[in-house]
Amino acid sequence: MNLLEELKNRFRPALATLTDAPEAFVEMVRPSGDVRHGDYQANCAMPLGGQLKQPPRQVAEAIVQALDVNDMCHEPEIAGPGFINLRLKDEWLQEQTARLVSDERLGVEPVAEPQTVVVDFSAPNVAKPMHVGHLRSTVIGAALVRMLRFAGHKVISDNHIGDWGTQFGMIIYGWNNFRDEEVYERDPVGELARLYRLVNQLCDYHAATTEQPSVEERLNEAERLLEEAKDQDPPEDKSAAKRHKKELKKLQSRVEELTARLDSLNKQKSQIEQDEILHPLAEAHPDIVRLSREETAKLHAGDETNLALWQRFLPECLAALQKVYDQLGTEFDLSLGESHYQPMLASTVADLEEKGLAVESDGAMCVFLEGNEAPFIVRKRDGAFTYATTDLATIRYRVEELKADRILYVVDARQGEHFRLLFGTAARWGFTDLDLQHISFGTVLGPDNRPFKTRAGDTVGLESLLEEAVRRARKIVNENDDSRTDEAGQPAPEMDETTRADVARVVGIGGIKYADLHHNRESDYVFSWDKMLARTGDTATYIQYSYARSSGIFRQCEVDPQSLRDNPGKGVILSTPEERALALELLQFPEQLAAALADYRPNVLTACLFSLANTFSSFYEKCHVRREEDIDLRTSRLLLCDLTARVLATGLDLLGIRTVSQM
Ligand code: ARG
419 MNLLEELKNR FRPALATLTD APEAFVEMVR PSGDVRHGDY QANCAMPLGG
469 QLKQPPRQVA EAIVQALDVN DMCHEPEIAG PGFINLRLKD EWLQEQTARL
519 VSDERLGVEP VAEPQTVVVD FSAPNVAKPM HVGHLRSTVI GAALVRMLRF
569 AGHKVISDNH IGDWGTQFGM IIYGWNNFRD EEVYERDPVG ELARLYRLVN
619 QLCDYHAATT EQPSVEERLN EAERLLEEAK DQDPPEDKSA AKRHKKELKK
669 LQSRVEELTA RLDSLNKQKS QIEQDEILHP LAEAHPDIVR LSREETAKLH
719 AGDETNLALW QRFLPECLAA LQKVYDQLGT EFDLSLGESH YQPMLASTVA
769 DLEEKGLAVE SDGAMCVFLE GNEAPFIVRK RDGAFTYATT DLATIRYRVE
819 ELKADRILYV VDARQGEHFR LLFGTAARWG FTDLDLQHIS FGTVLGPDNR
869 PFKTRAGDTV GLESLLEEAV RRARKIVNEN DDSRTDEAGQ PAPEMDETTR
919 ADVARVVGIG GIKYADLHHN RESDYVFSWD KMLARTGDTA TYIQYSYARS
969 SGIFRQCEVD PQSLRDNPGK GVILSTPEER ALALELLQFP EQLAAALADY
1019 RPNVLTACLF SLANTFSSFY EKCHVRREED IDLRTSRLLL CDLTARVLAT
1069 GLDLLGIRTV SQM
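Residue numbers (this note's numbering): 419 to 1081.
What follows is the structure, encoded as structure tokens:
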């Protein structure tokens, strides 16, 4: 049972006796922030009182009069200006907790109306090695897939790999001009990555050279305007003076912006110019930008040579991606890359044109949406289709072939504009019942608060990052196990090498995933090894330990959890505040999962697990389990330990994080 939902269901008819639109007020029922005020509270009497022009306390009394919660709660209490405080009855809590014991779903009822949900995540552009930036999409996406599936939806995970983009033109150009076949034979992806990087650097250099004069010109103009504005006497009129100040500020920040841009272009340029190898190459390939683009165009037009190269490179690239997915334990139902939609692009644009949605502008085909300055370009002047065209074709495919009701795009916040235009276009294209969501996320930062880079300034490769996580975890696991002692104080390590290696994998990978998931996805976060592998605090390790501990109690007591579940004796007895608090949190798992899914926030789930682990720890400190002499109480506490272990393991599993019974 979703406890919060159940209480809302009780409030709805009660509120309906006072208002025709109870829903907004129903939503004001929530868990209480402070146990002293009860377990749940409803703050709806104040706004409703305002609406009805009646004293809130009187409204609160009317609500309580009509409210039927007698079976669950003690008499509701009205406090202060009209807060309604609810305290669940211990007997009710005991009964509900005991029910969880035999409930495989731990109280989570499958959603009433299951949907087909496509989750589009990870989606790296191949031929560049995966870097830390891909971590978030992969980890958040995989968690959402599992959470939605557990909630009862039909979920299709789809890795929309960038296997057809401009980077292939760059690689083909690089292959034709700079390849080292010997290296390719040994390390194909390494060589392709080198070629990509090289061509990219040279292209950036030429692009910077081209852009520089215009930035300089714009900067001069902005500086001139700023000086002019500064020379003006500030207006007498107050509001005009304010406007003048605002204008100055705007000009100032424009100057700063352009200065920064120019600096970065100059830096880019001089970096190459000072490089003895790169500079001559850049000089020797002045048209590299255009020529790389042409290689892409040739590939897209079906040129045999380029297509053969693409077919040769792609499997190598996919195998390299797979290595990372294996490390992470991430699986996809589908991996339909951008190339899959190539045959559908022309008809997509034709259809948009026919429906009057796409129109010609400057030789390109564009969709213009109200409220958006930027057009959504679906075919460029040179005839090339775009990222946008592919995404539109993909939507049609997912609706028509996969029967999607909802599509989630787990993609970094910088693509917000793209998705706004995409969703707007899709709606006008006729996909009005389709629920489209951009699950956006922030950046992984280094200790300097800037996007996480290696010392040399490169992006951090994901494969080596994951390896390092496991290596660091291994050290901790070794130290831990080596420091174990028996009752006589003698060293007594418990794990063999294989177990240590396995635990290190679970801790290391779990640590990385949890560190990512426990931040609000929209914020940036600073990557920190020490924090993420800490044994206490809001970390995977801490929760994994709590799991190992709660399930370990069964080993110590020599009780088999399954047979306990089959013979739960007198069930759950809540004899102390700690037991009660633990039971309540166990019962709140369903509402926490629902809250996490309501706006796709795995951090709501991590917070719930962290809190449960803490509550369990207080319980375990205060309440004897093994040494409890009252057999009914002992059984009840074992049941609570088992439920805690199950909720922790299920919760972590939904986040894609594994557990081990001994750490
Ligand atoms: N490959 C893209 C990138 O790396 C992300 C694709 C996200 N999915 C989508 N359907 N657009 O930026």
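Just so you know, even glycine gets a beta-carbon here, dropped at the ideal spot from N, CA and C. Remember, it's a predicted structure, so these values are computed and weren't measured experimentally.
Check, Outcome
"Between Val544 and Ile579, is the Cβ-Cβ spacing less than 7 Å?", "yes"
"Of all the alpha helix (DSSP H) runs that stay within the bounds of the stretch 599-633, which reach a length of 4 or more residues?", "599-604"
"Taking DSSP's pairing of strands, which residues face Ile795 in a bridge?", "Cys784"
"Just mark Pro547 as buried or exposed, buried being the case when its beta carbon has 16 or more other beta carbons within 10 Å.", "buried"
"Closer than 6 Å: is that where the CB of Val829 sits relative to any heavy atom of the ligand ARG?", "yes"
"Go ahead and pull the three-state DSSP assignment for His703.", "coil"
"With 16 as the cutoff for other CB atoms within 10 Å, does Lys471 come out buried or exposed?", "exposed"
"Between the Cα of Leu813 and the Cα atoms of Pro532, Val536, Ala432 and Leu436, which residue gives the shortest distance?", "First, the residue type needs correcting, since residue 813 is Ile and not Leu in the sequence shown. Out of Pro532, Val536, Ala432 and Leu436, Val536 has the C-alpha closest to the C-alpha of Ile813."
"What do you reckon, is the C-beta of Asn543 under 6 Å from a heavy atom of the ligand ARG?", "yes"
"With a floor of 4 residues, list each alpha helix (DSSP H) that falls wholly inside the stretch 721-749, ordered by position along the chain.", "722-746"
"So for His549, helix, strand or coil by DSSP?", "strand"
"For Gly551, verify whether its CB is less than 6 Å away from any heavy atom of the ligand ARG.", "no"
"Are the stretch 556-564 and the stretch 504-523 in contact at 8 Å, needing three or more beta carbon pairs?", "no"
"Tell me the rounded alpha-carbon separation between Pro979 and Phe972.", "7 Å"
"Are the stretch 696-704 and the stretch 643-660 touching by the rule of at least three beta carbon pairs closer than 8 Å?", "no"
"Just grab the DSSP bridge partners of Lys871 for me.", "Thr877"
"Measuring straight from C-alpha to C-alpha, what distance separates Glu788 and Lys773?", "17 Å"
"Below 7 Å between beta carbons: does that hold for Gln630 and Leu683?", "yes"
"Tell me Gly580's beta-bridge partners as DSSP assigns them.", "Asn543"
"Can you tell me which of the three DSSP states Ile496 falls into?", "strand"
"Using a 10 Å radius around the Cβ and a threshold of 16 neighbouring Cβ atoms, would you call Pro440 buried or exposed?", "buried"
"Tell me, please, which residues DSSP counts as bridged to Thr677.", "Note: Thr677 sits in no beta bridge, so no partner."
"CA-CA distance, Tyr759 and Arg554?", "25 Å"
"Tell me the residue span of the alpha helix (DSSP H) that contains Ala463.", "Ala463 to Leu470"
"So is the beta-carbon of His578 under 6 Å away from any non-hydrogen atom of the ligand ARG?", "yes"
"Looking at Cys1059 and Ser993, is the spacing between their C-beta atoms short of 7 Å?", "no"
"Measuring only from the beta carbon, is Asp438 closer than 6 Å to any heavy atom that is part of the ligand ARG?", "no"
"For the structure I just gave you, are there three or more beta carbon pairs, one from the stretch 836-855 and one from the stretch 810-827, closer than 8 Å?", "yes"
"Beta carbon of Asp1050, beta carbon of Lys988: below 7 Å?", "yes"
"With respect to 6 Å, is the separation between the Cβ of Asp809 and the closest non-hydrogen atom of the ligand ARG below this value?", "yes"
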